[in-house]
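Enquirer:
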Amino acid sequence: MASKRARLGTLAVHGGDSANRTHAHVMPIYQSSTYRFDSVAHGQALWREEEDGYIYGRLSNPNVQATANTIAALEGLNLATRPFALMAGSGMAAISTLLAGLLRQGDILLSQQALYGATHTLLHDFVTRFGIVCGTFDGSDLDSLDHVLARHDGVRLVYIETPVNPTMALTDIRGVVERAHAAGALVVVDNTFASPYQQRPFELGADLVIHSTTKYLTGHGTVVGGVILTTDETLYHDHLLPALHIGGAVAGPMDAWLTGQGLKTFHLRMARHCDNGLAVARFLADHPAVAQVHYPGLESFPQYDLACRQMDAFGAMLSFELKGGYAAGEKMMDAVRLCTLAVSLGSADTLIAHPASMMHFKVPPEERARMGITDGMVRLSVGLEDVEDIIADLDQAMRAAQ
Ligand SMILES: Cc1ncc(COP(=O)(O)O)c(C=O)c1O
């Protein structure tokens, strides 16, 4: 494990170096929408991909390329060859581009029932408008996937998110891959909550990975961005690249540069995030005001064994329920002083949020209940502060709420 961490650290710092073709120590920001050709012949050579270089900002940019290379290096840590990576303008842009590139009218897409709110809306309210059938299964129960696969012929894509936002329920990536591949389907994993520090889905057989780079990969709350990765060259060249270049949901140079800067401390931030997350989860689990804590690193977590099998570390995302239900949760969130009341996650500071009224507000209440999201659930993205201070703030806020 120690050597793996060391290699992850080196890749986080140097994974994008080859795209820096100047002598600047820190890669400059190439804030340019287009690139000069030396001659018509030079332009043609670039368009024909006979020469390396840049043409137009929607197609490529040095900062975007450097950051994509670093993320590919991290997700491909233990693979023989690096995956292909494409930066998008947001996590949702990454998912939309992936679906636009891979699906056609009449295709069948299966997804786990519990998903990030906007992904749920995208799959069930948007994608279905284009004649794509969208079935669901219970992500924490492989039998449920077996049943749904048996009912649908010719499934094209199986979409999972693990740990799931915000219930922290896990999906067995290897188990899903085995079943989906046997049925001829591709598997996409949203790895946003875990990050490649904790879990690398390609090592478990996944075909595609997406991230909201807004979160741990950037790490400082400065960017909205996304990335799509695949190990399959045909999917990359024939499906994803055209969907991004024609669909146009690309990342800008400044955002890619900020994510690249954030990535240089990725391994250090994640180590501290994981330590703080476990300490806060243990504190909450022992607190008299708390009814339940959802954190994969607690032995009491129903899928603790799976967490140990497919994750290297347990992260800093958790959710919990207060004994006083919604009213106590609302009072507590209004009473925090150090923690920030805000959506999003993976920033240096601790963020506290209320899924039912915020991130999952647009998901109908009965669907939220099916996903396991109660009205009293509080979500915490544990930050990098001294953990005693985070715990003291949560403790005073819970006392104030009683
Ligand atoms: C698990 C997950 N996937 C995707 C997204 C969408 O990312 P973005 O907000 O960058 O579009 C989010 C956003 O919170 C998320 O939590």
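Read in order, the letters of the sequence shown correspond to residues 55 to 456 in my numbering. Every residue, glycine too, gets a C-beta built ideally from N, C-alpha and C. The structure displayed is predicted, hence computed values, not measured ones.
(1) For valine 94, count neighbouring C-beta atoms within 10 Å of its own C-beta (all shown protein chains included) and say buried if the count is 16 or more, exposed if not.
(2) When DSSP builds the beta bridges, which residues end up paired with cysteine 188?
(3) Relative to ligand 1, is the shortest distance from any of its heavy atoms to the C-beta of aspartate 309 smaller than 7 Å?
(4) Start and end of the alpha helix (DSSP H) containing leucine 262?
(5) Over the uninterrupted alpha helix (DSSP H) stretch that includes serine 198, give me the two end residues.
(6) The beta strand (DSSP E) with threonine 284 in it runs from where to where?
(7) Are glycine 430 and glutamate 375 closer than 8 Å when you measure CB to CB?
(8) Answer with buried or exposed for tyrosine 170, where buried requires no fewer than 16 other C-beta atoms within 10 angstroms of its C-beta.
(9) Return the chain-ordered list of same chain residues with a C-beta closer than 6 Å to the C-beta of valine 118, the five sequence neighbours on each side being excluded.
(10) Using a 10 Å radius around the Cβ and a threshold of 16 neighbouring Cβ atoms, would you call isoleucine 444 buried or exposed?
(11) Flag asparagine 219 as yes when its Cβ comes closer than 7 Å to any non-hydrogen atom of ligand 1, and as no otherwise.
(12) So alanine 239 and arginine 210 are in contact, right, with Cβ under 8 Å, and what is the actual spacing, rounded?
(13) Per DSSP, what kind of secondary structure is arginine 453 in: helix, strand or coil?
(14) Could you pull the DSSP bridge partners for glutamate 375 from this structure?
(15) Select from Val230, Leu438, Arg136 the residue whose C-alpha is nearest the C-alpha of leucine 65.
(16) Would you list the one or two residues that DSSP bridges to valine 457?
(17) Can you find a heavy atom of ligand 1 that lies under 7 Å from the Cβ of glutamate 104?
(18) Does the distance between the C-beta of methionine 146 and the nearest non-hydrogen atom of ligand 1 fall short of 7 Å?
(19) May I ask whether a heavy atom of ligand 1 can be found less than 7 Å away from the beta carbon of tyrosine 170?
(20) Judging by CA-CA distance, which residue of Arg433, Ser266, Ala402, Glu287 is the nearest neighbour of histidine 327?
(21) Expressed to the nearest angstrom, what Euclidean distance is found between the alpha-carbon atoms of alanine 223 and glutamine 357?
(22) For arginine 210, does the three-state DSSP call read helix, strand or coil?
(23) Hey, methionine 386 and alanine 446 are a contact pair by Cβ (cut 8 Å); roughly how many whole angstroms apart?
(24) May I ask you to verify whether the segment 287–299 touches the segment 406–421, counting CB pairs closer than 8 Å and requiring at least 3?
(25) Hey, is glycine 369 close to ligand 1, as in C-beta under 7 Å from one of its heavy atoms?
(26) Which value, in whole angstroms, describes the spacing of the CA atoms of valine 432 and glutamate 129?
(27) Secondary structure at tyrosine 270, three-state DSSP: helix, strand or coil?
(28) Taking the straight line between their C-alpha atoms, what separation do you get for alanine 280 and phenylalanine 138?
(29) Consult DSSP for alanine 56 and reduce its assignment to one of helix, strand or coil.
(30) At which residues does the alpha helix (DSSP H) containing valine 231 begin and terminate?
(31) Specify the secondary structure class of leucine 169 as computed by DSSP and reduced to three states.
(32) Which class does tyrosine 110 belong to by DSSP, given the choice of helix, strand or coil?
(33) Between which two residues does the alpha helix (DSSP H) holding valine 334 run?
(34) Within 10 Å of its beta-carbon, does leucine 448 have 16 or more other beta-carbons around it, so buried, or fewer, so exposed?
(35) Excluding the 5 residues preceding and the 5 following leucine 258 in the sequence, name in chain order all residues of the same chain whose CB lies nearer than 7 Å to its CB.
(36) Under DSSP, the alpha helix (DSSP H) around aspartate 292 begins and ends at which residues?
Expert: With the given structure in hand:
(1) Under this definition valine 94 is an exposed residue.
(2) Per DSSP, Leu163.
(3) Between ligand 1 and aspartate 309, a heavy atom-to-CB distance of less than 7 Å is absent.
(4) Leucine 262 -> not in any alpha helix (DSSP H); beta strand (DSSP E) instead, spanning 262–266.
(5) 196–205 is the extent of the alpha helix (DSSP H) around serine 198.
(6) 280–284 is the extent of the beta strand (DSSP E) around threonine 284.
(7) Between glycine 430 and glutamate 375, the gap from beta carbon to beta carbon is short of 8 Å.
(8) Flag for tyrosine 170 reads buried.
(9) Contacts found: Met141, Ala305, Ala310.
(10) It is buried - the Cβ of isoleucine 444 has at least 16 other Cβ atoms within 10 Å.
(11) It does: the Cβ of asparagine 219 is within 7 Å (strictly closer) of some heavy atom of ligand 1.
(12) Yes, they are in contact, since the Cβ atoms of alanine 239 and arginine 210 sit about 6 Å apart, within 8 Å.
(13) Helix.
(14) In DSSP, glutamate 375 forms a bridge with Gln346, Met431.
(15) Ranking the options by Cα distance to leucine 65, first place goes to Arg136.
(16) The structure shown does not extend to residue 457, since the chain is modelled only from 55 to 456, so the question has no answer here.
(17) No, the beta carbon of glutamate 104 sits no closer than 7 Å to any heavy atom of ligand 1.
(18) Within the cutoff, so yes.
(19) Flag set: Cβ of tyrosine 170 near ligand 1.
(20) Minimum Cα distance to histidine 327 is reached at Ala402.
(21) A direct Cα-to-Cα measurement between alanine 223 and glutamine 357 gives close to 8 Å.
(22) Per DSSP, reduced to three states, the secondary structure at arginine 210 is strand.
(23) So it is not a contact: roughly 14 Å between Cβ atoms.
(24) The segment 406–421 and the segment 287–299 do not touch, with fewer than three beta-carbon pairs separated by less than 8 Å.
(25) Outside the cutoff, so no.
(26) When rounded, the separation of the alpha-carbon atoms in valine 432 and glutamate 129 is 30 Å.
(27) Under the three-state reduction of DSSP output, tyrosine 270 falls in the coil class, being neither helix nor strand.
(28) Inspection of the sequence shows that residue 280 is occupied by glycine rather than by alanine. Straight through space, the alpha carbons of phenylalanine 138 and glycine 280 are spaced by roughly 14 Å.
(29) Here the model assigns alanine 56 a pLDDT of 44, short of 50, so the residue's position is not dependable, and the following value carries that caveat. In the structure shown, alanine 56 sits in a helix (DSSP, three-state: H, G or I).
(30) Start and end: 227–236.
(31) Coil at leucine 169, not helix or strand.
(32) Taken through DSSP and simplified to helix, strand or coil, tyrosine 110 comes out as strand.
(33) First-last of the alpha helix (DSSP H) with valine 334: 320–339.
(34) That one is buried.
(35) Same-chain partners within the cutoff: Ile227, Arg228, Val231, Gln364.
(36) Here aspartate 292 belongs to no alpha helix (DSSP H), and DSSP marks it neither H nor E.
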